[in-house]
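Right, one structure below, let's go through it.
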Amino acid sequence: MSEHDIQFEIEGVIQLLAKNLYSDTDVFLREMIQNAKDSTLKRKELAKERGEGDVPAPRIDVIAHPEEGVLIIEDNGAGLTREEIHEYLSTIGRSGTRILRDQLERAGRLEAEALIGQFGIGMLSAFLVAEEIELHTRAAAAAADDGKGEGLRWRSSGGKSYEVEELERDMIGTTVTLKLQDKHKRYAHEYNLSEIIRRYADFVGVPIHLNGAQDPVNMVRAPWQVEYDSAAARQDAHGSYWRSRFIGEVGLAILVLDEAIEWREDGELKEGRVEGVVGLANSRVYGNSGTLHQLDLYVRNMFISSQPVGLLPRWADFMRGVVQCDQLRPNAARDGVMQDSIVRAVHRALDDAIVRHLRELAEGDQRQLVGILRLHAPSILPVAVRPDQGRFFKAIADLVPLRTEHRPMTMPDYRKTAPKSASRRHIVSYVRDYMAMNQYRMLVAARKVHVFDASEPFAEEFLQRYAQTYPERIELRRLDAEERADFLEALPAEELLRYRGLQTAGDRVLKGEDCRVEVARFEPDELPALIVEPRRRRSRREMEGVVEELGLPAFLEGAVGDILREEVEPAVLYLNASNPTIKALARHAPCGGALVDASFRALYANASLLSGRRLAENETRRFFSHNTALLDLLLATESAEIEP
Amino acid sequence: MNTFKDVDSLYYRAVELIAKQQFVAAKVLFEDAIDRVDPWRDFVLYAYLIHMYSETIAVFMGESESALAALTRVLALGNDPALEAELHGRDAIYALTKVYATFARVGRVRNAIHARHIIEVLDAADALIEGAGYSLWRDATMEERAWVLVDLGRAEEGLEMMRQAIRLGRNNDESAPGMQLQHKQVQLMRLLEDLDQHDEGIAIARDLLETEALRSTLLLAVYRSLSQMLLQRGGDEDHWEARQLVEQGVTLAQRCGQPWQLGMLAVHFDVVDADSQHGRAVFIAQQLLDGARKLDTDDDWCAAYQAMAVGHANFHRFDKAEECLQKAEALARKLDANTARTYYQDKTGSFRARVEAKREELP
């Protein structure tokens, strides 16, 4: 046995790796598997060079011993010679893979592209989770050269030194045994391992057998790397794969990607491909970074990230998928890619493909798509209204349903029943204040139209953008605008004059409510009155209610006094000139009297109730007494009529 | 189902809706929850719900006046002799401290209440907190008091008070009613920005940017203040950095939700205007105006009219610019009326100067 110095202090390096390079300890398994896979490739290369034909099929085994906290990764690759151990395992930054890749590139072999272990730090990443690593190996090179069947054992506890000794070993290849740190013993559990292997090494090209299972735990080859007899078979295979990858998702509208990409580098036009499968998800799951999407990115068959920066269009939060682009350049930690012109090319390709696909879906059966878009409206709306997202807006403008008083509707649905203006455009009505919806429901039902509820974030901007983008299609009308009431028809001057007495009497009676009266015409006729209340006036009413009900401690008097001193616009009670009750009241109003006063108060109370606004306790009591007073008056009148 | 479970479920659903930016729906659920609680029987739960509800409607919906009415109700109840027996426990003091601090914050942020009257409320809060033996929790009121002191023209006292709040806050754990320490540091940065002490403000902002796991809304405040201070410092590199920060801030604000965008848009406007991107500047000013229309708060309207004025001036529409400036000036007077300083008027004055400068550029 011989003891050697590692050329860098491993403990420090490990800390450096953990802190600065690897954001997730799971990656150690990716590195282990990548090493194993590279080793199987190397064995194949060596066999070719030597003209050997009898190389066993590549295989990787992962064996877990949860009780002991031990994890074993074994491959039947090329193994390591003593020199290679000293050269590669013990010197940070020098990687056998890189040297091999350089050799392969010089030789012009396509396999070079399959190697991404280019940083020479893969093995050391095992110290992120292990307290001791023991490696048994028998090199194919050694076996062929001297025929002695020499095996070697390398062992390190992550300190400055390591041991190497000879070992009897029949099998060519490498077995790495990790003694896991206590806090990382979860890596010896089959469920965790299966999930990590599936994520990191699904397409690694070599079957990975977990705990000796006959079937590999990984896919081995990505569905886009397989030849199919027909387009339908290809679509089916991708769909099955998507569903197996995103369990629990319905996976509506699964899109098979096979897009060419182009970018410029050093003045030269370069080409590549992005392949994969993405689908519209039926659920919303927030990721760690606050983003929703999950796009598992692979480069040269190795998993890089599930939320790669810059690849998926920002509006596509609702997409989930798996893509591969071998031209992308992983960063040193291989948990992201370099933000370069290739990323932008992939972004453009994905953007184009998804928008194209949405359009195709829109031409077919839209129902399910519309449902999904409704679910994802919180992601879609803010992006759709951005000035730089015109193309996306157009792609989804007619597909995103917004809430109405009835059920969510798309713009084309809405336009089917919308009235037209003088300029032949559809009139699209909306309210911004959800609380006002109750009142407007009756108004729009009378006109047999619907009203959009634009209280959800960015819904109003979406409607405005629609009107700007398609000015020939719609005219927007906001119903609850304080400055304008589109649902009201102004009375001609001479008719208005006839209602002057009604208006004056109403103003007098309701002055105490901080409400003025106006007369107009609106549908339905049976609705006698509507109230439009500015927000600040509503707040004022709430504060007055508190003061009246509870009184104020001394320290609040100044503060509340400031609030109550501020001038606010009064509410407006609109009386309907088409309503028989209002017509009758108009005849009595100029004469005044208790019945007229009580009628105004009751109209005010009813309109307030209809508006759906929250009532303070004092208001509830007041409305109750107003209505009771009206009943008393009516009963007294009737009693007077029936008494002899 | 019992009432507590109902309320609990409504509360969590409301919080979930806030995360999804469904503020109106969250408000409705909070109202439903509040209606189910009898404050005379369960004052603590009632106070806590009102605190959450008020923050939601004031911050996300601009309904500061309604929030103040709801908070006033709790403070009035909290001083009712009939509830005295309920007000000695830790939970009650905790909930009330939050309500007092929220009242002060909403009142001062929207300038609805004169600063000296907010001090009266904070004095009452401190008496309660001290009297109950929770002196450490005074960091919650100190943070608000710092701002009010600045509003009363006592800038240095205000700064010292904020620093004291930070020192006190360090002794508190996460279960204290005051805002977290990072929030206080952000407030100190904003005070320094407000008082034009930009070198220290920039240094704190840079430290905050280095902080791990800074909450998105706080990070947004840092982007906004730092970019504003850099712009005002005015070096070439400062301008470049401000532009980068604004780009990041605008993206983050979009994820945080619509109400967070307005503050960021105001700085975005300044950056774009300084780059002479006149069309884009008008577009941003229009967004500010739309946002102000939606939240309908005086400070948002004021910022929108200031930007609109410069936007019009860029296209030589000086009559429109003047109209906007006059509206902004009227609002600024109103906003400053409850303080002893002229912050909004000075700011509007700087926009008037920008408009005048553009007029003078004309041949």
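Protein sequences appear in the order of chains L and Z.
Using our numbering, the first residue of the first sequence is number 905, and each one after it goes up by one.
Using our numbering, the first residue of the second sequence is number -3, and each one after it goes up by one.
Just so you know, even glycine gets a beta-carbon here, dropped at the ideal spot from N, CA and C.
If you're wondering where the values come from, they're calculated on a predicted model, not measured in any experiment.
Determine the DSSP secondary structure at residue i, reduced to helix, strand or coil.
i	result
T1081 (chain L)	strand
A1475 (chain L)	strand
A1117 (chain L)	coil
H308 (chain Z)	helix
G129 (chain Z)	coil
W236 (chain Z)	helix
E1015 (chain L)	Annotation note: pLDDT 42 at E1015 (chain L) (below 50); position unreliable, coordinate value reported separately. Correct three-state label for E1015 (chain L): helix.
E1360 (chain L)	coil
Q250 (chain Z)	helix
N1480 (chain L)	strand
A961 (chain L)	coil
K1174 (chain L)	strand
Q877 (chain L)	Outside the shown range of chain L (905 to 1548) lies residue 877 (chain L), about which nothing can therefore be said.
S1333 (chain L)	strand
Q1228 (chain L)	strand
Just the Cα atoms here: how many angstroms apart are residue i and residue j?
i	j	result
L1161 (chain L)	I1258 (chain L)	9 Å
G259 (chain Z)	R239 (chain Z)	15 Å
Y1202 (chain L)	V1124 (chain L)	13 Å
L1400 (chain L)	I53 (chain Z)	40 Å
V966 (chain L)	T944 (chain L)	15 Å
V1451 (chain L)	S1443 (chain L)	13 Å
N1342 (chain L)	R1440 (chain L)	20 Å
A108 (chain Z)	E1365 (chain L)	29 Å
G1462 (chain L)	M57 (chain Z)	25 Å
F1356 (chain L)	R141 (chain Z)	44 Å
R186 (chain Z)	R220 (chain Z)	9 Å
Y1091 (chain L)	A1105 (chain L)	15 Å
H1530 (chain L)	T1541 (chain L)	17 Å
K23 (chain Z)	T293 (chain Z)	18 Å
L331 (chain Z)	I114 (chain Z)	15 Å
D1292 (chain L)	A217 (chain Z)	25 Å
D28 (chain Z)	M1315 (chain L)	32 Å
L6 (chain Z)	M1027 (chain L)	51 Å
Kindly indicate the opening and closing residues of the beta strand (DSSP E) around residue i.
i	result
H1113 (chain L)	1112 to 1114
Q273 (chain Z)	It is not in any beta strand (DSSP E) - Q273 (chain Z) carries neither H nor E in the DSSP assignment.
S1209 (chain L)	1206 to 1209
E1054 (chain L)	1054 to 1060
F1356 (chain L)	1355 to 1357
Q1198 (chain L)	1198 to 1203
Q224 (chain Z)	Segment 212 to 229 is the alpha helix (DSSP H) holding Q224 (chain Z); no beta strand (DSSP E) there.
Return the first residue and the last residue of the alpha helix (DSSP H) that residue i is part of.
i	result
H179 (chain Z)	177 to 190
H194 (chain Z)	194 to 206
Y1132 (chain L)	First-last for Y1132 (chain L): undefined, no H or E at that position.
A144 (chain Z)	Per the sequence shown, the amino acid found at residue 144 (chain Z) is Val instead of Ala. It spans 135 to 147 - the alpha helix (DSSP H) in which V144 (chain Z) sits, taken as one unbroken run.
G1294 (chain L)	1294 to 1300
A1433 (chain L)	No alpha helix (DSSP H) holds A1433 (chain L); the beta strand (DSSP E) holding it covers 1433 to 1436.
Looking at residue i and the ligand SAH, is the gap between the Cβ and the nearest heavy atom below 7 Å?
i	result
F56 (chain Z)	Of ligands this structure carries none, so the ligand SAH is not represented either.
Q: With 9 Å as the C-beta to C-beta threshold (strictly closer), list the residues of the stretch 1359 to 1386 of chain L near chain Z in chain order.
A: S1359, E1360, P1361, F1362, E1364, E1365, Q1368
Q: Answer yes if the stretch 1414 to 1433 of chain L comes into contact with the stretch 33 to 47 of chain Z, meaning at least three C-beta pairs across the two stretches below 8 Å, and no otherwise.
A: no
Q: Using a Cβ-Cβ cut-off of less than 8 Å, give me the residues of the stretch 31 to 51 of chain Z that come near chain L, in sequence order.
A: none
Q) Is the stretch 1476 to 1485 of chain L touching the stretch 1428 to 1437 of chain L in the sense that three or more CB pairs, one from each, lie closer than 8 Å? A) yes
Q) Between the stretch 152 to 159 of chain Z and the stretch 72 to 91 of chain Z, do at least 3 Cβ pairs fall closer than 8 Å? A) no
Q. How about the stretch 960 to 974 of chain L and the stretch 1128 to 1143 of chain L: do they share at least three Cβ pairs that are nearer than 8 Å?
A. no
Q) the stretch 54 to 75 of chain Z: which residues have C-beta closer than 7 Å to a C-beta of chain L, in chain order? A) E59, E61, S62, L64, A65, T68, R69, L71, A72, L73, N75
**Q.** Residues of the stretch 1455 to 1482 of chain L with Cβ closer than 9 Å to any Cβ of chain Z, in chain order
**A.** G1455, L1456, P1457, A1458, F1459, L1460, E1461, G1462, A1463, V1464, G1465, D1466, I1467, E1470, V1472
**Q.** the stretch 286 to 299 of chain Z in contact with the stretch 257 to 273 of chain Z per 3-pair CB rule at 8 Å
**A.** yes
Q) Is the stretch 1224 to 1234 of chain L touching the stretch 1273 to 1293 of chain L in the sense that three or more CB pairs, one from each, lie closer than 8 Å? A) no
Q | Touching by the beta-carbon criterion (3+ pairs, under 8 Å), the stretch 319 to 326 of chain Z and the stretch 339 to 348 of chain Z | A | yes
Q | the stretch 1074 to 1085 of chain L contacting the stretch 970 to 986 of chain L, beta-carbon criterion three pairs below 8 Å | A | yes
Q. According to a CB-to-CB cut-off of less than 7 Å, which residues of the stretch 89 to 109 of chain Z neighbour chain L?
A. G103, A108, I109
Q | Stretch-stretch touch, CB-based, cutoff 8 Å, three pairs: the stretch 100 to 107 of chain Z with the stretch 1480 to 1492 of chain L | A | no
Q. Does the stretch 978 to 985 of chain L come close enough to the stretch 935 to 954 of chain L that 3 or more CB-CB pairs lie under 8 Å?
A. yes
Q. According to a CB-to-CB cut-off of less than 8 Å, which residues of the stretch 309 to 335 of chain Z neighbour chain L?
A. N334
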